[in-house]
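K.L.:
Below you will find the structure I want to go over with you.
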Ligand SMILES: [Zn+2]
C-alpha cells in the first residue's frame, strides 16, 4: 500500500489542513479523471477462426463441420483447432519443437 506524496499534499490542501483523518479520506477517494483500475483493454486483437478440419483431442474425431465443438463428444475444440488471424500474414509457421 502507499500513495504518492503529491497526492497526500493535494489531499491536505483539499481539506485545508483540517486533520489527517480528513486528508486520508480524500486520499482514499479516487480523484476525478483518475481511473486507477482501468478496464483491461485488449492489447492486440486477434481473430480466431476455427479450422475447416480439426481433430478432437478427446475422441480424435476429425471435425469438418466448422463448429467449435466436437461433433461426437461435444468437447470444445483445442487451441490447435483454431487459426489465428493476425494482421501480418506471414508464411505458415513451421512447428518448432
Ligand atoms: Zn470429440
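Numbering (the numbering used here), first residue to last: 756 to 852. Heads up, the beta-carbon is just placed ideally off N, CA and C, and yes, glycines get one too.
1) For ligand 1, is there any heavy atom lying closer than 8 Å to the beta carbon of residue 815?
2) Leaving out five residues on either side along the sequence, give the residues of the same chain with a beta carbon under 7 Å from the beta carbon of residue 771.
3) Following a CB-centred definition, is residue 780 positioned closer than 8 Å to any heavy atom of ligand 1?
4) When you compare only the Cα positions, how much space is there between residue 759 and residue 841?
5) Thinking C-beta only, is residue 836 closer than 9 Å to residue 806?
6) Please find out if some non-hydrogen atom of ligand 1 comes closer than 8 Å to the beta-carbon of residue 826.
7) Which residues does DSSP list as the beta-bridge partners of residue 803?
8) Who are residue 818's beta bridge partners in DSSP?
P.N.:
In short, the structure shows the following:
1) Position 60 of the chain shown holds residue 815. Within the cutoff, so yes.
2) In the chain shown, counting from the first residue as 1, residue 771 sits at position 16. Here the set comprises nothing.
3) By 1-based counting over the chain shown, the position of residue 780 is 25. False, no ligand heavy atom lies under 8 Å from that Cβ.
4) Against the chain shown, residue 759 aligns to sequence position 4. Against the chain shown, residue 841 aligns to sequence position 86. If I take the Cα positions, the gap works out to 40 Å.
5) The count along the chain shown starts at 1 and reaches residue 806 at position 51. The count along the chain shown starts at 1 and reaches residue 836 at position 81. Yes, they are a contact pair.
6) Along the chain shown, read from residue 1 onward, the residue named residue 826 stands at position 71. Checking the Cβ of residue 826 against ligand 1 gives yes.
7) In the chain shown, residue 803 corresponds to position 48, counting from 1. Per DSSP, 839.
8) Position 63 of the chain shown, counting from 1, holds the residue named residue 818. Paired residue(s): 809.
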